[in-house]
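**Q** Chains as they are written, first to last, in the working numbering: chain A, 2 to 207; chain B, 2 to 207; chain C, 2 to 207.
C-beta atoms are modelled at their ideal positions from N, C-alpha and C, and glycine is treated no differently.
Remember, predicted model here, so these are calculated numbers, not experimental data.
Can you read through this structure? Questions will come right after.
Here's what the structure looks like:
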C-alpha cells in the first residue's frame with residue numbers, strides 16, 4: 002500500500018498549503034502584518050492537529066515536532082501573504098485544495114484517535130476537530146464568529162468523515178479506511194463546490 | 002453514601018443540560034445553524050471539564066470519553082436549539098438548573114483537582130475553571146467578551162465553591178465535601194437569583 | 002552562577018507584574034469588574050507559560066502549581082485594577098517592565114523547550130508562545146484582534162529570543178544562554194521603545 006500512503010501524504014501537504022493560505026489571506030484582508038499572516042496561516046494549517054493531539058494526550062503535538070509540517074505551513078503562509086494580489090484571484094482553485102485538506106485531515110484525525118483507543122464518539126469528534134479546529138482558531142483570532150458555525154456544508158462533512166472512517170475500518174482495516182474516507186469526503190466537497198450548494202462557504206470562508 | 006453519589010450524578014446531568022441549553026440558545030440568537038447550536042451547546046456543557054482535565058493532565062478528558070456526558074450534551078443542545086421558541090420562555094427555570102450545574106461542576110472540579118494532588122490555589126482554580134470554562138468558550142466563540150467578566154455574582158461563587166470544598170474536605174473527607182459544597186453553592190445561587198442580586202446575569206447570561 | 006539565577010528570577014517577577022498590569026488595565030478600560038481584572042491580569046501573566054507547558058506535556062503547568070507565580074500575578078492584577086487611576090499614568094515605565102518580561106519569558110520558554118528535547122523550530126515557537134501567549138489570550142478574551150498581529154516589533158523580538166538562545170546554548174551552555182538571551186532581548190526592546198520605533202505598541206498594547 003505504498004502508493005496509498007504516498008497519496009495521503011501528498012493530500013496532507015496540499016491541505017496544509019490550502020489551509021495556510023486561507024489564514025494568510027484573512028490576515029492580509031484584516032490589515033495584519035506579515036508576522037500575523039504567518040501566525041494565522043500556520044494556525045489554520047496546524048491548530049486542528051495540535052488540539053487533537055492535546056485532547057488525545059500526544060506530547061509534544063506532531064504538528065510542532067515533525068518539522069516538515071510546520072515548515073510547509075510557514076512557507077505556504079509567507080507565500081500566500083506576499084503574493085496575495087496574485088494568488089487570491091485563484092480562490093476557486095484554492096477551494097478544491099481546501100477540500101482535499103478537509104477530507105485528508107478528517108480521515109487522518111479519525112485514524113489517530115482510533116489508534117489511541119478512543120471510542121466511537123471520540124473518533125468522530127477528533128475527525129471534526131482535526132479538520133475544522135484550525136479554521137475556528139483563525140476566525141477567533143481574527144475577531145469573528147467561526148465560519149463553520151454559519152450555514153455551511155463544511156463541518157458536517159468533517160463529522161461525516163469520522164463516521165465513514167469507522168464503518169470502513171470495521172470492514173476493511175485502518176489503512177484502507179483512511180484512504181476511502183479521504184477520497185469520499187474530497188469528492189463530496191468537490192460536488193458541493195461545483196454544484197454551488199455551499200454559497201456561504203464560497204463567499205465567507207476563503 | 003450511595004444516595005449522595007446518586008444525587009451528585011443527577012445534579013451533574015441537570016447542569017450539563019442547563020449549560021448546553023445556554024449555548025444552544027446563544028447559537029440560535031446569533032443566527033447560527035443547527036450544527037453551530039450543537040457545538041456551542043456541547044462546548045458550554047463540556048469545555049470546563051475538558052480544560053480542567055488538560056491542565057491536570059487527564060488524557061483523553063473524561064468529558065470526551067465517558068460517553069453519557071457528551072451524548073447528554075449533544076441531545077440537550079439539539080433539543081434546546083430546535084425547541085428554542087418554546088423553551089426560551091422558561092429562562093427563569095433554566096437559571097435554577099444552571100445554578101445546580103454551577104454548584105455541582107465547581108464541587109466536582111475541586112475534588113478531581115484535590116485527588117490529583119494539586120495545591121490549594123490549584124483546587125480553587127480548577128473549581129472555577131470547571132464551572133465557568135464552558136461559558137467563557139461559548140462567549141469567545143460567539144464573538145463576545147465573556148459574561149463572567151462583567152459585573153455578576155457568578156464566577157465569584159465558583160471560586161467560593163473551591164474554598165468551601167477545601168474546608169469541608171479537611172474536616173469531613175472528600176465525599177461529604179463534594180456534596181456539601183454543591184448544596185451550599187446551589188442554595189447561594191438560588192438566593193441570589195430569587196433576591197434579584199444578579200441582574201447582569203439575569204439579562205445577559207441566559 | 003547564583004547571581005545570574007537570582008537576576009533571571011527577579012526579571013521573571015517583574016515580567017509577571019508588568020504583564021498582569023497590562024491585563025488588569027485592559028479589564029478596567031473595558032469596564033469589567035474586579036474579578037475580570039484579576040482573571041485578565043493573571044491570564045496575561047501566566048497563560049503563555051501554561052500554553053507552553055501544555056504543548057510540551059508538563060502537567061500540571063508550573064504557572065498553576067508553583068505558588069509564587071500565580072500569587073504574584075493575582076496580587077499585581079488586583080493592585081493594577083484598584084489603583085488604575087494612579088498607575089496607568091506610568092505607562093512608559095510599565096513598557097520597560099513589559100520589555101523585561103518579554104525578554105525573560107522568551108529566554109526561559111526557549112530553555113524549558115530545549116530541556117524537554119524539542120527541535121529547533123519547537124524551541125523558537127515555545128520562546129514566542131511563552132512571551133506572547135498571555136497577550137493573545139488577553140486580547141481574545143477582551144474581544145479584540147491580538148495586538149501582536151498588528152504592525153509591531155514585539156512578537157518578532159520574541160521569536161528572535163528563541164533563535165538567540167539556540168545560538169548561545171550551542172556555544173556557551175544553557176545557563177549562560179538564558180541570561181544572554183534575556184539581556185539582549187530586553188536591551189533590544191528598550192532601544193525600540195526609546196527610539197519610538199514601535200508606535201503601534203505604544204498606543205495599542207498598554
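Shortest alpha-carbon distance to residue 44 of chain A belongs to which of A:67, A:98, A:120, A:74?
**A** The residue with the shortest Cα to Cα distance from residue 44 of chain A is A:74.
**Q** Going by DSSP, what residue range makes up the alpha helix (DSSP H) through residue 176 of chain B?
**A** Unbroken alpha helix (DSSP H) run through residue 176 of chain B: 175–195.
**Q** Checking 8 Å against the spacing of the C-beta atoms, do residue 130 of chain B and residue 8 of chain B come in under that value?
**A** Cβ distance not < 8 Å, so residue 130 of chain B and residue 8 of chain B don't count as in contact.
**Q** Checking contacts by CB at 8 Å: is residue 150 of chain C closer than that to chain A?
**A** Residue 150 of chain C counts as touching chain A.
**Q** Per the contact definition of three or more C-beta pairs closer than 8 Å, is the region 162–176 of chain A in contact with the region 118–134 of chain A?
**A** In short, these stretches touch, since the Cβ pair count reaches three.
**Q** If we call anything under 8 Å between Cβ atoms a contact, is residue 106 of chain C one with residue 49 of chain C?
**A** Cβ atoms of residue 106 of chain C and residue 49 of chain C: closer than 8 Å.
**Q** Of all the options C:120, C:16, C:119, C:115, which has the alpha carbon lying nearest to the alpha carbon of residue 97 of chain C?
**A** With distances taken between Cα atoms, residue 97 of chain C lies closest to C:16.
**Q** CA-CA distance, residue 99 of chain A and residue 64 of chain A?
**A** For residue 99 of chain A and residue 64 of chain A, the distance between alpha carbons rounds to 18 Å.
**Q** Report the option in C:161, C:114, C:47, C:24 whose CA atom is closest to the CA atom of residue 69 of chain C.
**A** When only C-alpha atoms are compared, the closest one is C:47.
**Q** List the residues of chain C that residue 56 of chain B touches, going by C-beta distances under 8 Å, in chain order.
**A** Those are 51, 55, 60, 61, 62, 65, listed as they occur along chain C.
**Q** Measure from the C-beta of residue 205 of chain A to each C-beta in chain C and report whether the shortest distance is under 8 Å.
**A** The pLDDT assigned to residue 205 of chain A is 39, lower than 50, so where the model puts this residue is not dependable; a value taken from the coordinates is nonetheless given after this. With 8 Å as the cut-off, residue 205 of chain A does not count as an interface residue toward chain C.
**Q** Using a Cβ-Cβ cutoff of 7 Å, what residues of the region 109–136 of chain A are near chain B? List them in chain order.
**A** Residues 119, 120, 122, 123, 126.
**Q** Can you name, in chain order, every residue of its own chain whose Cβ lies under 7 Å from the Cβ of residue 81 of chain C, other than the five neighbours on each side?
**A** Excluding residues within five positions, the ones whose Cβ falls inside 7 Å are 21, 22, 25, 26, 42, 88.
**Q** Hey, out of B:140, B:76, B:133, whose CA is closest to residue 225 of chain B's CA?
**A** Here chain B covers residues 2 to 207 and nothing more, so residue 225 of chain B does not appear.
**Q** Specify, as a first and last residue, the run of the alpha helix (DSSP H) that residue 54 of chain B falls within.
**A** Run containing residue 54 of chain B: 35–57, per the alpha helix (DSSP H) assignment.
**Q** Going by DSSP in three states, residue 71 of chain B sits in which element: helix, strand or coil?
**A** DSSP places residue 71 of chain B in helix when its eight states are reduced to three.
**Q** Using a Cβ-Cβ cut-off of 8 Å, state whether residue 215 of chain C counts as contacting chain B.
**A** Not covered by the structure: residue 215 of chain C. The range shown for chain C is 2 to 207.
**Q** What residues of chain A sit near residue 30 of chain C, judged by a beta carbon separation below 9 Å?
**A** Under the 9 Å cutoff, chain A gives no residues; its nearest Cβ is about 17 Å from residue 30 of chain C.
**Q** Restricting to Cα atoms, I'd like to know which of A:3, A:33, A:144 is closest to residue 78 of chain A.
**A** That would be A:33, whose Cα lies nearest to the Cα of residue 78 of chain A.
**Q** Would DSSP call residue 31 of chain A helix, strand or coil?
**A** In the structure shown, residue 31 of chain A sits in coil (DSSP, three-state: anything other than H, G, I, E or B).
**Q** Using a Cβ-Cβ cut-off of 7 Å (strictly less than) and excluding sequence neighbours within five positions of residue 121 of chain C, which residues of its own chain qualify?
**A** For residue 121 of chain C, where only same-chain residues beyond five positions count, the Cβ hits under 7 Å are 167.
**Q** Starting from the beta carbon of residue 147 of chain B, find every residue of chain C whose beta carbon is closer than 7 Å, and list them in chain order.
**A** Near residue 147 of chain B (Cβ distances below 7 Å), the residues of chain C are 142.
**Q** Do you know offhand how far residue 39 of chain C's Cα is from residue 71 of chain C's?
**A** Taking the straight line joining both Cα atoms gives about 11 Å.
**Q** Would residue 156 of chain A and residue 198 of chain B be called neighbours here (beta carbons separated by less than 8 Å)?
**A** Taking 8 Å as the Cβ cut-off, residue 156 of chain A and residue 198 of chain B do not qualify as a contacting pair.
**Q** In whole angstroms, what is the alpha-carbon distance linking residue 3 of chain A and residue 51 of chain B?
**A** Distance between the alpha carbons of residue 3 of chain A and residue 51 of chain B is about 38 Å.
**Q** Could one say the Cβ of residue 37 of chain C lies closer than 8 Å to chain B's Cβ atoms, at least one of them?
**A** Chain B contact via Cβ: present.
**Q** Could you name the residues of chain A that residue 86 of chain B contacts, counting a contact when the two beta carbons are closer than 8 Å?
**A** Simply none; closest approach about 19 Å.
**Q** Does residue 71 of chain A have its Cβ less than 8 Å from a Cβ in chain C?
**A** Yes, contact with chain C.
**Q** Do residue 150 of chain C and residue 5 of chain C have their CB atoms nearer than 8 Å?
**A** No.
**Q** Quick check on the DSSP output: the alpha helix (DSSP H) that includes residue 93 of chain B runs from which residue to which?
**A** Counting along the chain, the alpha helix (DSSP H) containing residue 93 of chain B begins and ends at 92–116.
**Q** Is it true that the CB of residue 160 of chain A sits closer than 8 Å to the CB of residue 147 of chain A?
**A** Cβ distance not < 8 Å, so residue 147 of chain A and residue 160 of chain A don't count as in contact.
**Q** Which same chain residues, not among the five before or five after residue 187 of chain C, have their C-beta less than 6 Å away from its C-beta?
**A** Counting only Cβ-Cβ distances below 6 Å, and skipping sequence neighbours, we find 100, 101, 104.
**Q** Check each residue of the region 154–165 of chain C: if its Cβ is closer than 7 Å to any Cβ of chain A, include it; give the result in chain order.
**A** Of all residues in the region 154–165 of chain C, 156, 157 have a Cβ within less than 7 Å of some Cβ in chain A.
**Q** Going by Cα to Cα distance, which pick from A:92, A:110, A:53, A:85 is closest to residue 183 of chain A?
**A** Looking at the Cα atoms, A:110 is the closest of the given residues.
**Q** Less than 8 Å between CB atoms is the rule here; does residue 19 of chain C satisfy it with respect to chain B?
**A** Not one chain B Cβ lies under 8 Å of residue 19 of chain C.
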